[in-house]
Structures are given as C-alpha cells and as structure tokens.
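Sequential numbering of the sequence shown, starting at 10, is according to our numbering.
From the three backbone atoms N, C-alpha and C, an ideal C-beta is built for every residue, glycine too.
Everything on this sheet refers to the single structure shown next.
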Amino acid sequence: MNFHDSRRIEEILTAAGHEAVTDATRAELLLVNSCTIREKPWHKAISETGRFRKRKSRDHALLVGLVGCVAQQEGDRVFKLLNGVDFVISPDNYQQLPAVIAHLQERGKPACITGFDRGEAEDFLGVQEVRSHEISTFVTITKGCDERCHYCIVPSVRGPERHRDADRIVAEVRGLVKRGVREVTLLGQKVNAYAAGGVDFAELLRRLDDVDGLLRLRFTSPHPRHMTDDLIGLYGRLRTLCPAIHLPVQAGSDRVLAAMGRRYTRADYLRVVEKLRAREKDMAISTDLIVGFPGESQRDFEQTLSLIGEAGFSSAFSFMYSPRPGTAAWDLHDDVPLVEKERRLAAAHVVIDASERRFRETLPGTRQDVLVEGKGRMPGQLTGRAGNFQIVNFTCDRPFDEVCGRLVPVVVTAINPNSLEGRMA
Ligand code: 5AD
Ligand code: SF4
10 MNFHDSRRIE EILTAAGHEA VTDATRAELL LVNSCTIREK PWHKAISETG
60 RFRKRKSRDH ALLVGLVGCV AQQEGDRVFK LLNGVDFVIS PDNYQQLPAV
110 IAHLQERGKP ACITGFDRGE AEDFLGVQEV RSHEISTFVT ITKGCDERCH
160 YCIVPSVRGP ERHRDADRIV AEVRGLVKRG VREVTLLGQK VNAYAAGGVD
210 FAELLRRLDD VDGLLRLRFT SPHPRHMTDD LIGLYGRLRT LCPAIHLPVQ
260 AGSDRVLAAM GRRYTRADYL RVVEKLRARE KDMAISTDLI VGFPGESQRD
310 FEQTLSLIGE AGFSSAFSFM YSPRPGTAAW DLHDDVPLVE KERRLAAAHV
360 VIDASERRFR ETLPGTRQDV LVEGKGRMPG QLTGRAGNFQ IVNFTCDRPF
410 DEVCGRLVPV VVTAINPNSL EGRMA
C-alpha cells in the first residue's frame with residue numbers, strides 16, 4: 010500500500026514540475042512515507058525524520074515532510090515530537106502536496122493536513138504515468154476499512170471504507186492495458202468486501218476479465234469472511250485470475266480469533282482453503298500471522314502452528330503482537346512477555362519454512378506460464394512470475410523484446426532459495 014502511495018506522490022509532484030532524484034544528498038525536499046501498523050515502524054518513521062534534522066541545520070532551504078499513516082495518527086503532535094519538520098500530510102490529502110511545498114518555499118509556516126476525504130473518484134488517483142517497460146501495476150479499488158479487527162490501527166489511520174465506482178476501475182484498467190500493462194493487482198484493505206452501485210467483488214473480477222489484452226488479475230488483501238462461493242467459483246474459470254491468494258488468517262485458535270474480532274473460526278478458514286484447492290489444486294495460498302496476542306496460551310499458539318501445516322501455506326509473514334493506540338486490544342493486558350513472543354515467532358518461522366519448502370518441492374517438472382518482465386541475472390536468462398507468484402528465471406531461445414509482457418510456458422527445472430529455474434517449454 011505504501012509503496013503504491015509513494016508512486017502516487019511521485020506522480021503528483023512530477024506533474025507539478027518537481028523531479029525525483031536517486032541520490033538523497035542532492036534532494037531539496039525529503040519525504041518520509043511512514044507506517045504505524047506496529048510500534049517498530051512508527052519508531053523508524055520518527056527516527057528517520059529526525060535524522061534529516063542534522064542536514065537541515067546545514068541546509069536551511071531543505072524541506073522535510075512526514076507523510077503516510079504516522080502523519081494521520083500524530084497530526085501536529087509531530088512538530089512537538091521533532092524539530093525541523095516542515096509539513097505533515099496524511100494519505101487522503103496528497104493532492105495538496107504541491108500547494109503546501111510552494112507555500113513553504115515562500116517561507117510559509119509549517120503545515121499539517123490530516124483527515125479523510127468523502128471518497129470522490131479522483132481522490133483514489135490511479136497510476137497516471139506508467140513508466141516504460143511496466144508490465145505489472147496496482148489499482149486501488151477501496152480505501153479505508155470498517156472491519157475493526159481488535160489489534161489493527163488501519164481503520165483509524167486510513168479512515169472509513171470507501172469503494173470506487175466499477176466503471177471507473179474498468180476504464181482505468183483499459184487505459185493501463187493500452188499503455189502496456191499486462192497484470193493488475195487490485196488493492197484494498199479488505200479488497201474482497203468491495204461493493205459499489207450493485208457490483209460486488211466477484212462481478213468486478215468478471216468485468217475486468219473481459220478487458221482485452223489484460224493477461225493477469227491479482228488482488229490484496231482479502232478477508233476470509235468475504236470469500237463467497239461466487240468468488241471462489243471464479244478460480245479456474247476466469248481467464249486472468251491467478252492461482253495464488255494472500256489470505257491473512259492471523260491465528261489458529263478459535264479463542265484468539267474471537268478475541269481478535271476476526272469473525273470466523275479456524276474451521277471456516279480451512280473450509281475456504283479446501284474450496285479454493287478444489288477449484289485450483291496447486292493454488293499458492295499465503296498468509297499473515299500474529300503471535301503473542303493478549304491471552305494467547307501455549308496451546309492456542311500450537312494451534313497456529315498446526316494450522317500452518319494443515320493449510321499448506323506457500324509462504325507466510327509472521328509478526329509479534331504490538332499494541333496500537335486507539336484499537337480495542339489497546340486496553341487488554343499485553344500479557345505475553347517479549348521473550349515468549351520472540352520464542353513463538355522463531356518457532357512459527359521453522360514451521361513456515363517447512364511449509365514453504367513442501368510447496369516449492371512440488372514444482373520441479375511442472376509447466377508454469379511465466380509473465381516475462383525482465384532479463385534474468387545469468388546471461389541468456391529471462392525472468393518473470395508464474396501464476397502462483399513464484400519468481401522464475403529461465404532460458405529462452407526467443408529475444409527478450411519479442412516475449413517481454415507475454416506469457417511464456419516454462420518447465421521448472423530447479424528450486425533456488427528465492428526463485429525457481431526453468432527452461433522455455
Ligand atoms: N501487531 C502485530 N501485527 C499486526 N498486524 C496488523 N496489526 C498488527 C499489530 N497490532 C499484521 C497483521 C496484518 C499485517 C499487515 O500486519 O498480520 O495482516
Ligand atoms: Fe486491519 Fe485488515 Fe482487519 Fe481491516 S480487515 S481492521 S485492515 S486487519
């Protein structure tokens with residue numbers, strides 16, 4: 010999400026006549042795009058912003074801005090936390106960046122713009138200038154979240170859920186395809202809860218599947234309780250829908266899932282997994298996990314470990330629970346000691362690694378359609394992702410320019426730590 014936002018910021022500033030530099034020491038404007046999902050990135054954002062202070066004492070014309078979720082969370086408190094910050098702007102207000110920068114260049118006062126918009130279509134701002142060679146890109150379809158999982162700060166920093174008009178999404182994707190994009194990842198905090206003007210998420214996918222020239226559709230992140238049978242039934246049926254899904258489960262024990270406010274049980278989740286695999290046998294299912302949520306016992310945690318095996322995840326991100334202000338869980342006693350959270354995280358990593366290995370070991374000898382995106386590291390190799398999201402480096406007798414942005418059938422020949430190797434079939 011923040012990566013995509015950084016791109017939007019770059020688009021807005023480029024359109025206003027600014028230029029991105031790769032060497033930060035040459036920059037006249039420094040922006041820190043911050044995350045506050047856990048306490049650690051919050052600290053990082055504050056300390057990164059603070060680091061720029063030193064430079065500012067030497068270079069008085071330098072402007073320093075804090076953007077992203079910490080900007081929304083802290084607002085003008087940032088000016089008290091840190092000297093030398095010129096502006097604080099939250100994600101729904103990036104359109105105002107050029108005006109704020111111009112105002113500061115005229116020696117205006119520090120500015121703070123936070124709060125949420127009412128969701129006019131242009132506020133979603135799609136990717137306007139697709140860089141050359143861009144094959145795969147993101148399209149935001151919903152902003153904010155009303156789910157309010159008890160640990161999660163997103164609803165308070167990204168605002169209420171707002172869904173974009175389906176016709177505009179389809180038009181944007183058509184425009185992107187005209188400019189060479191072949192793969193689109195739909196973005197939303199709870200992307201599969203999309204509903205606007207009588208169009209639900211499954212219907213939106215059907216409409217996008219009809220876009221000529223679009224080769225692949227992905228989305229992130231869905232919520233398990235919105236995995237309807239209609240949506241699951243599209244796997245294996247829609248031409249563009251990839252056999253991969255990132256479906257955050259968070260925990261394996263019903264007690265903890267209830268305490269987290271997730272509104273599904275372990276059995277519900279596993280049923281969704283089973284239905285997905287019934288449609289796409291080799292589907293790559295990945296997840297997010299939180300360890301050490303308040304009240305999580307050793308037995309609860311073991312249920313998370315066993316769920317990883319049962320679901321057969323192709324990969325998983327795991328995090329230690331971090332209390333966030335303003336969430337329902339903030340008032341709970343954070344009773345799992347840090348050393349125990351660290352132990353559980355390490356134990357989860359061992360089981361995740363094994364599950365990941367089991368998934369990848371099924372791949373040698375299989376045929377995968379790879380969307381070619383670039384040249385590989387070794388001479389003569391090309392690179393891209395398989396439908397299951399694995400990176401594949403492969404040998405190919407066709408020139409890069411001929412196959413770039415196309416689906417090429419590849420036989421997987423070997424597994425490397427972070428990628429697969431193969432040859433064109
Ligand atoms: N503590 C730890 N992990 C969290 N996540 C969200 N909020 C918290 C928190 N307070 C994790 C969830 C989510 C991912 C993006 O971050 O696993 O899916
Ligand atoms: Fe946070 Fe996702 Fe839950 Fe929304 S659905 S509150 S973004 S974890």
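- Cβ neighbours of isoleucine 254 within its own chain (closer than 6 Å, five residues either side excluded): Ile294.
- As the crow flies, the alpha-carbon of arginine 367 is around 17 Å from that of proline 252.
- Contact between the region 186-195 and the region 158-168 is not established, with fewer than three Cβ pairs separated by less than 8 Å.
- Glutamine 259 has its CB nearer than 7 Å to a heavy atom of the ligand 5AD.
- For glycine 84, the CB contacts under 7 Å within the same chain, skipping 5 residues up- and downstream, are Val97, Cys121 and Thr123 in chain order.
- DSSP places cysteine 78 within a helical segment (H, G or I) once states are collapsed to three.
- Taking every protein chain shown into account, the CB of phenylalanine 12 has fewer than 16 other CB atoms within 10 angstroms, so this residue is exposed.
- The ligand 5AD has a heavy atom closer than 7 Å to the beta-carbon of tyrosine 330.
- Near the ligand SF4, meaning a beta-carbon closer than 6 Å to one of its heavy atoms, we find Cys154, Glu156, Arg157, Cys158, Cys161, Val163, Pro164, Gln198, Lys199 and His232.
- Arginine 67 counts as exposed, since fewer than 16 other beta carbons sit within 10 angstroms of its beta carbon.
- Counting every other CB atom within 10 Å of its CB across the protein chains shown gives alanine 54 a total of 16 or more, marking it as buried.
- Judged by DSSP in its simplified three-state form, alanine 29 adopts coil rather than helix or strand.
- Taking each of Ile21, Arg64 and Thr296 in turn and checking the Cα distance to arginine 35, the smallest one comes out for Arg64.
- Beta bridge pairing from DSSP links glutamate 430 with Asn402 and Ala423.
- Across the structure, leucine 90 and leucine 416 are spaced so that their CA atoms are roughly 51 Å apart.
- With 16 or more other Cβ atoms from the protein chains shown falling within 10 Å of its own Cβ, threonine 149 counts as buried.
- If one requires a minimum length of 4 residues, the alpha helix (DSSP H) runs lying completely within the region 250-336 are 263-269, 275-288 and 307-320, in chain order.
- Rounded to whole angstroms, isoleucine 299 and alanine 33 show a C-alpha spacing of 35 Å.
- Here isoleucine 241 has Val281, Lys284, Leu285 and Arg288 as same chain residues with Cβ atoms under 8 Å from its own Cβ, once five neighbours each way along the sequence are excluded.
- Shown here for glutamate 212: same chain residues with a beta carbon closer than 8 Å to its own, the five before and five after excluded, namely Ala175 in chain order.
- Below 8 Å, too few C-beta pairs join the region 372-383 and the region 346-357 to call them touching: fewer than three.
- Taking 7 Å as the cut-off, the C-beta of aspartate 297 counts as close to a heavy atom of the ligand 5AD.
- Judged by DSSP secondary structure, isoleucine 46 falls outside any beta strand (DSSP E); it is assigned neither H nor E.
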